[in-house]
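Protein chains: 4
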Amino acid sequence: MDDRGLRELACGANRELARLGLATLAFGNVSVVDRAAGVVAIKASGVACGDLEPDDVALVSLADGTAADPGRRASSDTPTHLELYRAFAGTGAVIHIHSPYATSWAQAARPIPPLGTTHADHFRGPVPVTRELDRDEIAGDYEAATGRVIVERFADGPDPLDVPAVLVASHGAFIWGTDATSALDNAVALEHVAAIACHQAALGPLEPIPAELRDRHFDRKHGPTAYYGQPARVRTP
Amino acid sequence: MDDRGLRELACGANRELARLGLATLAFGNVSVVDRAAGVVAIKASGVACGDLEPDDVALVSLADGTAADPGRRASSDTPTHLELYRAFAGTGAVIHIHSPYATSWAQAARPIPPLGTTHADHFRGPVPVTRELDRDEIAGDYEAATGRVIVERFADGPDPLDVPAVLVASHGAFIWGTDATSALDNAVALEHVAAIACHQAALGPLEPIPAELRDRHFDRKHGPTAYYGQPARVRTP
Amino acid sequence: MDDRGLRELACGANRELARLGLATLAFGNVSVVDRAAGVVAIKASGVACGDLEPDDVALVSLADGTAADPGRRASSDTPTHLELYRAFAGTGAVIHIHSPYATSWAQAARPIPPLGTTHADHFRGPVPVTRELDRDEIAGDYEAATGRVIVERFADGPDPLDVPAVLVASHGAFIWGTDATSALDNAVALEHVAAIACHQAALGPLEPIPAELRDRHFDRKHGPTAYYGQPARVRTP
Amino acid sequence: MDDRGLRELACGANRELARLGLATLAFGNVSVVDRAAGVVAIKASGVACGDLEPDDVALVSLADGTAADPGRRASSDTPTHLELYRAFAGTGAVIHIHSPYATSWAQAARPIPPLGTTHADHFRGPVPVTRELDRDEIAGDYEAATGRVIVERFADGPDPLDVPAVLVASHGAFIWGTDATSALDNAVALEHVAAIACHQAALGPLEPIPAELRDRHFDRKHGPTAYYGQPARVRTP
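Protein chains in written order, with the numbering used here: chain S, 30 to 266; chain V, 30 to 266; chain E, 30 to 266; chain A, 30 to 266.
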């Protein structure tokens, strides 16, 4: 894909994030990667998602984060996105949001348990929460350190394509997918299950569903024997 | 009704479900039945309700679930819908949703008590919750088993046309009606009463209303002496 | 005002109620009265507020509730509206809603305390809750009895124009005003303060504001020395 | 800026407040100041923000609050706005809202702790709450007294441009900024963090984030070494 196409793809995904109600003010951004070209396209810093034009998309090097063209300054969260692309093979798009319900779980530093099949349709197991950054990480290259604590959280599992979202403690959520469409779907699903779980907290204790139900739902959509969706719609792992 | 008419009816009902805000992503589907022809029309699997076109509606046999034409693959929830049509005479449409408030009650595995007349206007008594599926049911023909635990729940009452909704534990809600319009009304009513009940939970214990008030409200809309609505609008039981 | 004008006024007010998000399904109705003519115009039974046309407005006699013309059947809640017009002088419009937050307070049978100046700007003191109807009242002329328990609740105060709303236990809210515009404003205010109070319940105990602050806010909008609004906008008590 | 320009600026900001869903009924107003001319432009009293026309903007003297032209009567909250402009140098716009979540904190008389980076991006530390007004303040020049308890609250810090919002106990929120755009952004941010914090309250105790994380986020947007946004976008303190 040429630079223009990559900009338009990233622009459309950021505007869709705003349209979905997931990006208030300039909180929230979407990036997409062209792994063959080694380029990441991401929202420019300080621009509201809903107002984005293709020229408000910054292109940076996947390898070292340097600007790939003399355009707008990239989102300050870019180093976090880059850490995720480098560590999570198969990821084609990354999203960052401060949506009301997912962020309430992130601020509470609580993983979201798999409380129902809505969750299991998208995430095989809890949506995990990172540890808090330490004082040196906050004072240093803070945004890259944010990416590193996410990667660290997945080091011993789960597979990031089985649980394509994470809560950063005290902060918000990062979500990813094989492409922009699946990442946006996962972001909608995350906020939806975070909201259901918040409402449920008013009704009693939060008990995870059995592992076999969790796996049945995840596998009917994503496993090798998936039977959800139309035959042509095959997941590219 | 010919196949085209049935497709258009099902398509319109699925689009209305999305417009009502009850179907996020591809969570949610509506089916309608033509009992004379023995055909059920249901949303194709993996297609968002709001984007549905008549060609995205699958037709299947009410008797055995086989495809009634070589169209799109039917929703993976189709076997659940079929179980309900076979067991619940008089049902003309079935809806499945993962809406935020009804699903919080389903995940909590709590029936929604009749806490007010809004509830009683649509449901004569609590909206029940199914038992959890066992390991074999989850591993086997899971979606048909989901339908069977719903039917099991109504075996000793209530009459499914008096309580046209159920919560499937750990999952979401199924709703039905004599036709697509009444099923959609019941789905809106279910999410509305689930939300009121959730808000009420913050204010104190949840006490059901007296049976005589519950029956008065249900009967003024649905009983043999109903006096709600216009004279021409008679409920077809 | 002639019949056509009264129908159009009632129709517009019912449509506005739907546009404001306060009338889900056919839950909710607005009536207006022409006291000189002794006629009340109200939504026809079973018609959704948002779809109302002037011909869907029923005209009934204020004195005895009989149909004032051979039009549509009036809302089943009409006898409640009539009781309020007869008892509360100066009331020009009455609204009934089952909105999510106000109804959660009604179902909990808790009056909404004056917790802030938003409340005090519209209601001088708590929004009261009626007693539950007894078995005979439910079995008899239920809707008129609903009106009578509301009137009973105001018999020893407050002045219904100082507190133009009530919660009917286990049911929903009735709201009124000197005209349709003020009644609609009061309905919006009621749902707004009910929502704030529900959110506040998560943060600690609910303490009413001091009486002098409550009165200062009410009087700056509604009292004889009101200084809120433009000079031409005088309240007609 | 001439009077017409000032009216149009204030009008647009009030309409934007309504469009953002932050001003229900006539609750809420925005003012802007022209410090060189000594004039404040504010919404006329009793007019809904969303319907405002430039002629519905009142111009008053910053020095003494007298009408600067024979137009509409200014919002009854004008004396509060004036107190803030006089005490908080660098403030170019002031907003007052009764939004559902921020007001629930104000009514609970609880400051909003910095629970996450969404908060820290806009407010360096808790959003404070004023003391309650005493009986004499309520009986006297109430609106000016409201401004004075806000100013009193900031007398020993924080810097009002570092924490550009306050909760008035039992009342609602006031928000400000260097210009109308930044004040509107701060108002959106306040309601957003108030909502997240309310949801979080259902999940466990509310623990503030570490001071170093709070400062890192505030400084990357607002400090002398800010690296958020585009180079041309410099904050005018």
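Beta carbons: idealized from backbone N, C-alpha and C, even for Gly.
Exercise. In chain V, which residues lie with their C-beta within 8 Å of the C-beta of residue 54 (chain E)?
Worked result: Going along chain V in sequence order, the residues near residue 54 (chain E) (Cβ under 8 Å) are 214, 217, 218 and 221.
Exercise. Does the Cβ-Cβ distance between residue 100 (chain V) and residue 92 (chain V) come in under 8 Å?
Worked result: Their beta carbons are not under 8 Å apart, which means residue 100 (chain V) does not touch residue 92 (chain V) by this criterion.
Exercise. Alpha helix (DSSP H) containing residue 88 (chain S): first to last residue?
Worked result: Note, residue 88 (chain S): premise wrong, no alpha helix (DSSP H); beta strand (DSSP E) at 86-90.
For this session: Label residue 82 (chain V) either buried or exposed according to how many other C-beta atoms from any shown protein chain fall within 10 Å of its C-beta, with 16 as the threshold for buried.
Result: With fewer than 16 other Cβ atoms from the protein chains shown falling within 10 Å of its own Cβ, residue 82 (chain V) counts as exposed.
For this session: Indicate whether at least one CB of chain E lies closer than 8 Å to the CB of residue 129 (chain A).
Result: At least one chain E Cβ lies under 8 Å of residue 129 (chain A).
For this session: Quick one: which residues of the segment 217-251 of chain E get their C-beta closer than 7 Å to a C-beta of chain A? List them in chain order.
Result: Those residues of the segment 217-251 of chain E placed with their C-beta closer than 7 Å to a C-beta in chain A are 217, 218, 221, 224, 225, 228, 229, 231, 232, 233, 238, 241, 242, 245 and 249, ordered along the chain.
Exercise. In chain A, which residues lie with their C-beta within 7 Å of the C-beta of residue 109 (chain S)?
Worked result: Those within 7 Å of residue 109 (chain S) in chain A number zero; the least Cβ separation is about 12 Å.
For this session: Report the neighbours of residue 167 (chain E) on chain V: residues whose CB is nearer than 7 Å to its CB, in chain order.
Result: Those are 241, 242 and 245, listed as they occur along chain V.
For this session: Determine the extent of the beta strand (DSSP E) in which residue 123 (chain S) is found, giving its start and end residues.
Result: DSSP places residue 123 (chain S) in the uninterrupted beta strand (DSSP E) bounded by 122-126.
Exercise. So, do the segment 146-156 of chain S and the segment 238-256 of chain A have three or more beta carbon pairs nearer to each other than 8 Å?
Worked result: Because the criterion of three Cβ pairs below 8 Å is not met, the segment 146-156 of chain S and the segment 238-256 of chain A do not touch.
For this session: Check the DSSP bridge columns for residue 58 (chain S) and list the partner residues they point to.
Result: DSSP, once it has assigned bridges, lists S:125 as partnering residue 58 (chain S).
For this session: Evaluate residue 135 (chain V) with the Cβ neighbour count: other Cβ atoms within 10 Å of its Cβ, from every protein chain shown; 16 or more gives buried, anything less gives exposed.
Result: Residue 135 (chain V) is buried by the Cβ-count criterion.
For this session: Locate the beta strand (DSSP E) running through residue 203 (chain S), then write down its first and last residues.
Result: For residue 203 (chain S), the enclosing beta strand (DSSP E) starts and ends at 202-206.
Problem set entry | Contact between the segment 161-181 of chain V and the segment 230-244 of chain S (3+ Cβ pairs under 8 Å) | The count of Cβ pairs closer than 8 Å, one atom from the segment 161-181 of chain V and one from the segment 230-244 of chain S, reaches three, so the stretches are in contact.
Exercise. Is it true that the segment 101-116 of chain E meets the segment 203-221 of chain V, where meeting means three or more beta-carbon pairs spaced less than 8 Å apart?
Worked result: No: fewer than three Cβ pairs fall under 8 Å.
Problem set entry | the segment 213-224 of chain S in contact with the segment 135-148 of chain V per 3-pair CB rule at 8 Å | Not touching, per the Cβ criterion.
Exercise. If you count every other CB in all the chains shown that lies within 10 Å of the CB of residue 181 (chain E), and 16 or more means buried, which is it?
Worked result: Within a 10 Å sphere around the beta-carbon of residue 181 (chain E) sit fewer than 16 other beta-carbons, which makes this residue exposed.
For this session: Taking C-beta pairs closer than 7 Å, name the residues in chain D that residue 136 (chain V) reaches, listed in chain order.
Result: The structure shown contains no chain D; its protein chains are S, V, E and A.
For this session: Taking C-beta pairs closer than 7 Å, name the residues in chain A that residue 74 (chain S) reaches, listed in chain order.
Result: Neighbours of residue 74 (chain S) in chain A, taken as residues at a C-beta separation under 7 Å, are given in chain order as 257, 258 and 259.
Problem set entry | Residues near residue 97 (chain V) by beta carbon distance below 7 Å, same chain, minus five either side | In chain order, 68, 88, 89 and 90 place their CB closer than 7 Å to the CB of residue 97 (chain V), counting only its own chain and leaving out the 5 sequence neighbours on each side.
Exercise. Roughly how many angstroms separate the alpha carbons of residue 131 (chain V) and residue 114 (chain A), rounded to a whole number?
Worked result: Between the alpha carbons of residue 131 (chain V) and residue 114 (chain A) lies a distance of about 48 Å.
For this session: Could you tell me which of V:120, V:142, V:187 and V:138 sits nearest to residue 226 (chain V), measuring between CA atoms?
Result: Minimum Cα-Cα distance from residue 226 (chain V) among the listed residues V:120, V:142, V:187 and V:138 corresponds to V:142.
For this session: Take residue 266 (chain A) and list the residues in its own chain whose beta-carbon comes closer than 8 Å to its own, dropping the five residues that flank it on each side.
Result: Residue confidence is low: residue 266 (chain A) scores 34 on pLDDT, short of 50, so the model does not pin down where it sits. Its coordinate-derived value is still stated next. Within the same chain, Cβ atoms closer than 8 Å to the Cβ of residue 266 (chain A) are found at 119, 190 and 207, the five residues on either side in sequence being excluded.
Exercise. How far does the beta strand (DSSP E) with residue 190 (chain A) in it reach, from first residue to last?
Worked result: Annotation: residue 190 (chain A) is outside any beta strand (DSSP E) and is labelled neither H nor E by DSSP.
Exercise. For residue 196 (chain V), which of helix, strand or coil comes out of DSSP?
Worked result: Three-state DSSP puts residue 196 (chain V) in a strand.
Exercise. For residue 171 (chain A), which residues from the same chain have a beta carbon less than 8 Å from its beta carbon, with the 5 sequence-adjacent residues on both sides left out?
Worked result: Only 162 meet the Cβ criterion.
Problem set entry | Interface residues of chain A facing residue 133 (chain S) [CB-CB closer than 7 Å] | Per Cβ cutoff of 7 Å: 225, 228, 229 and 232.
Exercise. What does residue 200 (chain V) reach in chain S if we use C-beta pairs closer than 7 Å?
Worked result: Neighbours of residue 200 (chain V) on chain S, chain order: 145 and 146.
Exercise. Residues bridged to residue 96 (chain V) by DSSP?
Worked result: Partner(s): V:89.
For this session: Answer with yes or no whether the minimum CB distance from residue 101 (chain A) to chain E is below 8 Å.
Result: True, the Cβ-Cβ gap to chain E drops below 8 Å.
Exercise. Are there 16 or more other CB atoms within 10 angstroms of the CB of residue 256 (chain E), so buried, or fewer, so exposed?
Worked result: Exposed.
Exercise. Quick one: does residue 164 (chain E) have its CB under 8 Å from some CB of chain V?
Worked result: Closer than 8 Å: yes.
For this session: Whole angstroms is fine: what's the gap from residue 59 (chain A)'s alpha carbon to residue 176 (chain A)'s?
Result: The C-alpha of residue 59 (chain A) lies about 15 Å from the C-alpha of residue 176 (chain A).
Problem set entry | CB-CB length for residue 197 (chain V) against residue 159 (chain V), believed under 8 Å | The C-beta separation of residue 197 (chain V) from residue 159 (chain V) comes to about 5 Å, placing the pair in contact by the 8 Å criterion.
Exercise. Nearest-angstrom Cα distance between residue 125 (chain A) and residue 245 (chain V)?
Worked result: About 46 Å.
Exercise. Should residue 266 (chain E) be flagged as near chain A, meaning a C-beta pair shorter than 8 Å?
Worked result: For residue 266 (chain E), the pLDDT reaches just 34, beneath the cut-off of 50, and the residue's location in the model is therefore unreliable, although a value from the coordinates is still provided. For residue 266 (chain E), not one C-beta of chain A is nearer than 8 Å to its own C-beta.
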